[in-house]
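Peer 1: So the sequences go chain by chain: A and B.
Taking the numbering used here, I'd label the letters of the first sequence as residues 36 to 319.
Taking the numbering used here, I'd label the letters of the second sequence as residues 30 to 153.
Just so it is clear, CB atoms sit at the ideal spot from N, CA and C, and this is done for glycine as well.
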Amino acid sequence: MIITIASGKGGTGKTTIAASLALSLAAEQSPPPLFMDCDVEEPNAHLFLHPRLDEQRDVALLIPSVDESKCTHCGKCAEACQYHAIAVLGQKTLVFPQLCHGCGSCTALCPEKAITEIPDRMGVIERGAAIAGISFARGVLDVGEPMAVPVIRQLKKWVMALPGQVVIRDAPPGTSCPVVEAMRGSDFLLLVTEPTPFGLHDLKLAVQVGREMGIPSGVIINRQNGSYPALDEFCFDYQLPVLLRIPFERVIAEGVAQGKTLVEIHPEYADRFLRMFIQIASLL
Amino acid sequence: MKIVLTSTSQDIESTIDPRFGRSAYLLIVDTDTFEYSAESNPGVAATGGAGIMAAQSVARLGVEAVISGDFGPNAFNALRAAGVGMYLYVDCLTVRQAVERFKNGQLEQVEAPTSAGHHGVGNR
Numbered sequence: 036m037i038i039t040i041a042s043g044k045g046g047t048g049k050t051t052i053a054a055s056l057a058l059s060l061a062a063e064q065s066p067p068p069l070f071m072d073c074d075v076e077e078p079n080a081h082l083f084l085h086p087r088l089d090e091q092r093d094v095a096l097l098i099p100s101v102d103e104s105k106c107t108h109c110g111k112c113a114e115a116c117q118y119h120a121i122a123v124l125g126q127k128t129l130v131f132p133q134l135c136h137g138c139g140s141c142t143a144l145c146p147e148k149a150i151t152e153i154p155d156r157m158g159v160i161e162r163g164a165a166i167a168g169i170s171f172a173r174g175v176l177d178v179g180e181p182m183a184v185p186v187i188r189q190l191k192k193w194v195m196a197l198p199g200q201v202v203i204r205d206a207p208p209g210t211s212c213p214v215v216e217a218m219r220g221s222d223f224l225l226l227v228t229e230p231t232p233f234g235l236h237d238l239k240l241a242v243q244v245g246r247e248m249g250i251p252s253g254v255i256i257n258r259q260n261g262s263y264p265a266l267d268e269f270c271f272d273y274q275l276p277v278l279l280r281i282p283f284e285r286v287i288a289e290g291v292a293q294g295k296t297l298v299e300i301h302p303e304y305a306d307r308f309l310r311m312f313i314q315i316a317s318l319l
Numbered sequence: 030m031k032i033v034l035t036s037t038s039q040d041i042e043s044t045i046d047p048r049f050g051r052s053a054y055l056l057i058v059d060t061d062t063f064e065y066s067a068e069s070n071p072g073v074a075a076t077g078g079a080g081i082m083a084a085q086s087v088a089r090l091g092v093e094a095v096i097s098g099d100f101g102p103n104a105f106n107a108l109r110a111a112g113v114g115m116y117l118y119v120d121c122l123t124v125r126q127a128v129e130r131f132k133n134g135q136l137e138q139v140e141a142p143t144s145a146g147h148h149g150v151g152n153r
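#1: Under 8 Å, do L238 (chain A) and G43 (chain A) count as touching if we go by C-beta distance?
#2: Give me whichever residues DSSP pairs with V33 (chain B) in a beta bridge.
#3: Pick helix, strand or coil for V150 (chain B), following the three-state DSSP scheme.
#4: Taking buried to mean at least 16 other C-beta atoms within 10 Å of its own C-beta, is M218 (chain A) buried or exposed?
#5: Do A53 (chain B) and D46 (chain B) count as a contact pair if the criterion is CB distance below 8 Å?
#6: Does the segment 88 to 101 of chain B come into contact with the segment 110 to 117 of chain B, if we say contact requires no fewer than three beta-carbon pairs (one atom in each stretch) closer than 8 Å?
#7: I believe V73 (chain B) touches R51 (chain B) by the beta-carbon criterion, under 8 Å. Please report the beta-carbon distance rounded to the nearest angstrom.
#8: If you drop the 5 nearest sequence neighbours on each side, which residues of the same chain put their C-beta closer than 7 Å to that of G321 (chain A)?
#9: Just grab the DSSP bridge partners of I38 (chain A) for me.
#10: Looking at C-alpha atoms only, which residue of A:Y304, A:L82, A:K148 and A:P86 is the closest neighbour of C112 (chain A)?
#11: Please determine if the segment 137 to 156 of chain A and the segment 63 to 72 of chain A are in contact, where contact requires at least 3 C-beta pairs separated by less than 8 Å.
#12: For the alpha helix (DSSP H) containing P213 (chain A), name the first residue and the last one.
#13: Flag this pair as yes or no: are the beta carbons of T296 (chain A) and V244 (chain A) separated by less than 8 Å?
#14: Please classify V286 (chain A): is it buried, with 16 or more other beta-carbons within 10 angstroms of its beta-carbon, or exposed?
#15: Got a sec, what are the start and stop residues for the alpha helix (DSSP H) T331 (chain A) sits in?
#16: Residues of chain B with a CB under 8 Å from the CB of L134 (chain A): which are they?
#17: Taking the alpha-carbon positions, what's the G253 (chain A) to H301 (chain A) distance?
#18: When you compare only the Cα positions, how much space is there between D102 (chain A) and W193 (chain A)?
#19: Would you say G209 (chain A) lies against chain B (beta-carbon separation less than 8 Å)?
#20: Along chain A, in chain order, which residues have C-beta atoms closer than 7 Å to that of G112 (chain B)?
#21: For I187 (chain A), count neighbouring C-beta atoms within 10 Å of its own C-beta (all shown protein chains included) and say buried if the count is 16 or more, exposed if not.
#22: Residue range of the beta strand (DSSP E) that K127 (chain A) falls in?
#23: Can we say the segment 70 to 79 of chain A touches the segment 196 to 208 of chain A, given the rule of at least three CB pairs closer than 8 Å?
#24: Please report whether the beta-carbon of A120 (chain A) lies at a distance below 8 Å from any beta-carbon of chain B.
Now the structure itself:
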C-alpha cells in the first residue's frame, strides 16, 4: 500500500506525521515500511529518521544539443516545443535548458538529424536504511534548478517496495506538478491541515487534486486549539474522514524542534497511528 | 528603419507596455513615416517561455530594434542571437513618444538582461 502525506499549505506537519507513522508501522510490521522523501526542493525527513544514505544516483534530463553545421533553421523543433525551450532566431537555434522538460520531440522531429541529446544533471536520488529498519529514499534537487518533477519521477522508478511493504511518501507542500507527481500511483492521500483559514483554503485545493486523480483521501488536523467549525464542516460536506486530531501543545513543538517525532514525544501516539493505519486499510 | 515596440493596444497613440514577453501587442513602426501595424503577442498566454516566444515573433518581423521596459535573460539572449537591438522605454508614455525619443538617440541601449528573469530561470 502506498500512502502519500500531503497538505496544500506548508508547515502543517507533513514530515512529522509521515515520520511518526513510519516509526509506528516499523514497530509492528515486517518488513518495516519504505519512506520516500519526495519534497526534493527541501527534503528534511532525514532529520527525524537518520538514514545512512549509501547509494546515490544522479538525475539528468536529456536536453537537445544542436549541430549548427547540419541545422537549416527550418524551425520544426521550435514549433514542436510547447515549453519554448528551443528557438530559431534568424540563423541561430538556441536551447534554453531550464525550460526543457526532456520530452525529445525536437530530436524526433528534426528532418536534418541535427539534434543529439545530452544529459543535463538536475539533482540526485539517494537511498539507504534509517532507524527502526525503515527503508529510506529521497531526492535532492540541485540549487537553482526549477523543475522538481523529473527528480521525483526517477526516485519513484528507482526505489522498489518489497512485497507487503507499506510505502510512505512525504509530498512537497502546495498543489502544483511536484505534488501531483508525488501523489500519482498512491492508494491513499493523508492530508495534513491546521485549523486556520490558510490551512482550510489550501486543504480545499489539495482535496480537489486528489479527487481529480481519483485517489481516496483522509484528513489529519494538526495543532488543534479550540474549535474551528468551518474545517469540520468542510470535511463533513466532502465526506473526508478526520483520521487524527493532534492538539496544539508546547511540548510537541519543543520535541519536534529537537528532531523528535510524535511517537518519541508521546509514545501513546504509536497506537493511535496504528489504529489510523487500520482505518485507512478498511477504507480502501 | 523598422522597429518594434511593446504596447497596450493596437494604436501608435496607445500607452507603452513595459513588459516584453507578456506585452499585449507588438507594434511595428517605420521610424521615417510613422506608418505602423500591430500584431498580437503570442507570449501573452504562454505558460512559460513567454520572452522566447515574443523574441521569435520579433525576429520573424525582420526589424532592427525593439523597445520595451524590461528584457529578462531568455528574451535578451534570444534577441541578441537574432541580431535585434534592444532599447528601454525611459520616461515614455506613448508609443509615438518613444519612437521620437528613439530617433533622437535618447533611449538607453540594453547590453545585459535588465531583470533576473521570472519562472524557469535559475542560476547555473
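Peer 2: The relevant details are as follows:
#1: Within the first sequence, the letter at position 203 stands for residue 238 (chain A). Within the first sequence, the letter at position 8 stands for residue 43 (chain A). The answer is yes: Cβ separation under 8 Å.
#2: Translated into positions along the second sequence, residue 33 (chain B) becomes position 4. Paired residues: B:I57 and B:V95.
#3: Your numbering for residue 150 (chain B) matches position 121 in the second sequence. Unreliable placement is indicated for V150 (chain B), whose pLDDT of 49 sits below 50; no coordinate value is reported for it.
#4: Taking the first sequence and counting its residues from 1, one reaches residue 218 (chain A) at position 183. So M218 (chain A) counts as buried.
#5: The sequence position of residue 46 (chain B) within the second sequence is 17, counting from 1. The sequence position of residue 53 (chain B) within the second sequence is 24, counting from 1. For D46 (chain B) and A53 (chain B), yes; Cβs fall inside 8 Å.
#6: yes
#7: For the purposes of this step, residue 73 (chain B) is taken as residue 44 along the second sequence, with counting starting at 1. For the purposes of this step, residue 51 (chain B) is taken as residue 22 along the second sequence, with counting starting at 1. V73 (chain B) to R51 (chain B), Cβ: 5 Å. Contact.
#8: Coverage of chain A is limited to positions 36 through 319, which leaves residue 321 (chain A) absent and any answer about it impossible.
#9: Numbered from its first residue, the first sequence carries residue 38 (chain A) at position 3. DSSP output for I38 (chain A) lists A:I203 and A:F223 as bridge partner(s).
#10: Sequence index remark: in the first sequence, residue 112 (chain A) carries index 77 (1-based). Nearest of A:Y304, A:L82, A:K148 and A:P86 to C112 (chain A), Cα basis: A:K148.
#11: no
#12: If you number the first sequence from 1, residue 213 (chain A) lands on position 178. First-last of the alpha helix (DSSP H) with P213 (chain A): C212 to M218.
#13: In the first sequence, the residue the question calls residue 296 (chain A) occupies position 261. In the first sequence, the residue the question calls residue 244 (chain A) occupies position 209. Against a cut-off of 8 Å, the Cβ pair of V244 (chain A) and T296 (chain A) comes out as no contact.
#14: Residue mapping note: residue 286 (chain A) aligns to position 251 of the first sequence, counting from 1. So V286 (chain A) ends up on the exposed side.
#15: What is shown of chain A runs 36 to 319, which leaves residue 331 (chain A) out entirely.
#16: Residue numbering aside, residue 134 (chain A) sits at position 99 when the first sequence is read from its first letter. G77, G78, I81, N103 and G149, listed in chain order.
#17: In the first sequence, the residue the question calls residue 253 (chain A) occupies position 218. In the first sequence, the residue the question calls residue 301 (chain A) occupies position 266. Between G253 (chain A) and H301 (chain A), the C-alpha separation is close to 23 Å.
#18: Here residue 102 (chain A) refers to the residue found at position 67 when the first sequence is read from its first residue. Here residue 193 (chain A) refers to the residue found at position 158 when the first sequence is read from its first residue. Looking at the two C-alpha atoms, the distance is approximately 33 Å.
#19: Here residue 209 (chain A) is taken as the residue at index 174 of the first sequence, counted from 1. Cβ-Cβ to chain B under 8 Å: no for G209 (chain A).
#20: Taking the first residue of the second sequence as 1, we reach residue 112 (chain B) at position 83. Per Cβ cutoff of 7 Å: G125.
#21: Taking the first sequence and counting its residues from 1, the one referred to as residue 187 (chain A) is at position 152. Flag for I187 (chain A) reads buried.
#22: Taking the first sequence and counting its residues from 1, the one referred to as residue 127 (chain A) is at position 92. Here the beta strand (DSSP E) through K127 (chain A) covers K127 to V130.
#23: yes
#24: Residue numbering aside, residue 120 (chain A) sits at position 85 when the first sequence is read from its first letter. Cβ-Cβ to chain B under 8 Å: yes for A120 (chain A).
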